[in-house]
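The sequence shown maps to residues 0 to 560 in numbering that gives the first Met the number 0. Note that beta-carbon positions come from the ideal geometry of N, C-alpha and C, so glycine has one too.
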Amino acid sequence: MTRTSEALVVGVDFGTLSGRAVVVRVRDGAELGTGVHPYRHGVLDEALPSAAGGERLPPDWALQVPDDYREVLRHAVPAALADAGADPADVVGLGTAFTACTMVPTTASGTPLCELPGLAERPHAYAKLWKHHAAQGQADRINALARERAEPWLARYGGLISSEWEFAKALQILEEDPEVYAATECWVEAADWIVWELTGTHVRNACSAGYKGILQDGAYPDPAFLGALHPGFASFVPDKLEQPTGRLGDRAGGLDARAAGWTGLPEGIAVCVGNVDAHVTAPAAGAVEPGQMVAIMGTSTCHVMSAEHLAEVPGMCGVVDGGIVPGLWGYEAGQSGVGDIFAWYVENQVPPVYHDRARDAGLTVHELLSELAAQQGVGEHGLLALDWHNGNRSVLVDHELSGLVLGQTLATRAEDVYRALLEATAFGTRVIVETFAAAGVPVTELVVAGGLVRNPLLMRIYADVLGMPLSVIRSAQGPALGAALHAAVAAGAHADIRTAAEAMGAVDWAVHRPDPAATALYDQLFAEYRALHDTFGRGANDVMHTLRALRRSAVEARETS
Numbered sequence: 000m001t002r003t004s005e006a007l008v009v010g011v012d013f014g015t016l017s018g019r020a021v022v023v024r025v026r027d028g029a030e031l032g033t034g035v036h037p038y039r040h041g042v043l044d045e046a047l048p049s050a051a052g053g054e055r056l057p058p059d060w061a062l063q064v065p066d067d068y069r070e071v072l073r074h075a076v077p078a079a080l081a082d083a084g085a086d087p088a089d090v091v092g093l094g095t096a097f098t099a100c101t102m103v104p105t106t107a108s109g110t111p112l113c114e115l116p117g118l119a120e121r122p123h124a125y126a127k128l129w130k131h132h133a134a135q136g137q138a139d140r141i142n143a144l145a146r147e148r149a150e151p152w153l154a155r156y157g158g159l160i161s162s163e164w165e166f167a168k169a170l171q172i173l174e175e176d177p178e179v180y181a182a183t184e185c186w187v188e189a190a191d192w193i194v195w196e197l198t199g200t201h202v203r204n205a206c207s208a209g210y211k212g213i214l215q216d217g218a219y220p221d222p223a224f225l226g227a228l229h230p231g232f233a234s235f236v237p238d239k240l241e242q243p244t245g246r247l248g249d250r251a252g253g254l255d256a257r258a259a260g261w262t263g264l265p266e267g268i269a270v271c272v273g274n275v276d277a278h279v280t281a282p283a284a285g286a287v288e289p290g291q292m293v294a295i296m297g298t299s300t301c302h303v304m305s306a307e308h309l310a311e312v313p314g315m316c317g318v319v320d321g322g323i324v325p326g327l328w329g330y331e332a333g334q335s336g337v338g339d340i341f342a343w344y345v346e347n348q349v350p351p352v353y354h355d356r357a358r359d360a361g362l363t364v365h366e367l368l369s370e371l372a373a374q375q376g377v378g379e380h381g382l383l384a385l386d387w388h389n390g391n392r393s394v395l396v397d398h399e400l401s402g403l404v405l406g407q408t409l410a411t412r413a414e415d416v417y418r419a420l421l422e423a424t425a426f427g428t429r430v431i432v433e434t435f436a437a438a439g440v441p442v443t444e445l446v447v448a449g450g451l452v453r454n455p456l457l458m459r460i461y462a463d464v465l466g467m468p469l470s471v472i473r474s475a476q477g478p479a480l481g482a483a484l485h486a487a488v489a490a491g492a493h494a495d496i497r498t499a500a501e502a503m504g505a506v507d508w509a510v511h512r513p514d515p516a517a518t519a520l521y522d523q524l525f526a527e528y529r530a531l532h533d534t535f536g537r538g539a540n541d542v543m544h545t546l547r548a549l550r551r552s553a554v555e556a557r558e559t560s
């Protein structure tokens, strides 16, 4: 029998806990095979690996081991090819998507510092994961100085630079471990580092550089500004950060021999410029037109959308010309904790009896709690929560804020709190949507993606809270599919990302529709949420910051005693 081959591309999504690869047919976007590989070291938020001495980490740290990312290439990509039954010779391109802002300090040749002799015991030598929030003090100083100097780029980030981003994290290294800072010859977004590993070419992707690296109108913050933060920081951009910037969908280079050996893919195939997991999902969800917001819902949620004009949206994570789709302004906002909050609650707060009930029923605890909570009417639990267990990314941009549940009594049950937490994340998204609309960037459609779309109660709550239909991406691997779309463009298989999205994107429109009666009740609850939001988030009551400061002091006192 004669075999008829079709062009294929591979997309790889590097998430918070694992990497996922998908083999996709260029012609129609059919996903033929997938492979998943968990990071061996996971998230280092308590201590360094035992092999590196196991040093305890302070609060708000989140590190990763870069070799875990290489392991994804060695395992997930071959697994996806095998699952697809694909001939590697048919693969014409490889694309990647990464969490952001995840930063890797490296040598000039790209070797992570934690892999160098004598540096494995130094926490600052490791990759700083996106949810590393220990640079809040540095972010506060960046913001204060930018306001004092009326830096024009600050408005492009909603008036606040996040502690998650490139400059704050780098300044933290300089101030806390100057030797590691001096050894850092390249300060690299993980999205770009993995492409460097694949091709041998170090190119900055326009998405990360714009949203996380304060690159606006072709320029970074000037040396005088950076030197005012710290004299040793003045030359940070040319010394450690600046590289040629590649447009999204461009070919970064060809797959080199070493990476071809890792992946089983042909040497020399196109590898596209890196991209951020959330932003790359928009074309995969068919959201390439103005007003179409995509909410990528996982451990956190990132909200991205495009518009024809530039506007200043308070608390947005950034706005970048061509940051998502060429020719449009790409906007980003987000919530620092969503799935992470639900997981924390189940793992740490739910009584054992619920775990036993779930096991006996053949359910996960999340499924059991969702079933029980779905039986309630809106407001029946009598609770209201703030979804700040991992800080607030938008619109307050304050990672010193913390979670809150109001209204608990001796009659409160686990499913009550669980539903209140689901609702709190929906309220947080509504704050973002309304803030964009008030700034003249209305959301006309909302498309949801990510693992949380599989929870029907959560989707129903979001539709009712927002009062608008939710469309759902068909792919279970949205960022990996989006990376594959960009790989198809880089390989010349599609002319541009809009063409690729039309041919390969996958979305079901208006799957979840709001119940007007439920929306009316949620309007009342949302008004109370906004009151709590502004009381604790805008300075009327500073108790959350006080508690965080007391916690840090207590931990430091215990560790030094």
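Whether residue i touches residue j by CB criterion (7 Å)
i	j	result
A310	V440	yes
A6	R250	no
P478	V279	yes
P325	G157	no
G329	V337	no
G267	V202	no
L10	V71	Note on identity: in this sequence residue 10 is Gly, with Leu being the wrong assignment. Cβ atoms of G10 and V71: not closer than 7 Å.
V25	T33	no
A277	I295	yes
L395	G538	no
S162	H398	yes
P65	A134	no
D463	T518	yes
Separation of residue j from residue i, as counted between CA atoms
i	j	result
T200	N274	15 Å
L549	L400	13 Å
G252	V270	6 Å
N204	S234	21 Å
D359	L382	29 Å
L465	A425	8 Å
G52	E120	6 Å
A448	S207	20 Å
A487	E175	43 Å
K211	W343	27 Å
D533	D386	13 Å
F341	A88	43 Å
R473	R148	47 Å
V377	M292	26 Å
K168	Q137	8 Å
L118	Y461	46 Å
T300	L520	24 Å
Run of the beta strand (DSSP E) containing residue i, from where it starts to where it stops
i	result
M304	T300 to A306
V345	No beta strand (DSSP E) contains V345, which is instead part of the alpha helix (DSSP H) from G338 to N347.
S393	It is not in any beta strand (DSSP E) - S393 carries neither H nor E in the DSSP assignment.
L385	L383 to L385
L93	V90 to F97
Per DSSP, cross-strand counterpart(s) of residue i
i	result
E444	Q291
N204	G245
V488	V488 is not bridged to any residue.
E331	V303 and G317
V352	V352 pairs with nothing; no bridge assigned.
Q63	A126
S17	P37
H388	G390
Q215	A218
H511	L469
First and last residue of the uninterrupted alpha helix (DSSP H) at residue i
i	result
V430	A413 to A437
L546	V542 to T559
V179	P177 to A182
R473	Where R473 is concerned, there is no enclosing alpha helix (DSSP H), given that its DSSP letter is neither H nor E.
G260	A256 to T262
T408	No alpha helix (DSSP H) holds T408; DSSP gives it neither H nor E.
When the options are compared against residue i, the one with the closest alpha-carbon
i	options	result
F435	A530, P289 and A107	P289
D191	Y68, H74, D139 and I295	Y68
A227	C301, I193 and A145	A145
D255	A138, H36, L197 and T498	L197
A475	I460, L451 and L456	L451
L214	A259, E150 and N347	E150
D238	G491, T105 and D12	T105
R497	W508, H485 and D507	H485
G92	L420, L264, V364 and G28	L264
H131	A423, V103, A413 and G217	V103
H36	A79, V8 and A223	A79
M315	G361, V430, D415 and E188	V430
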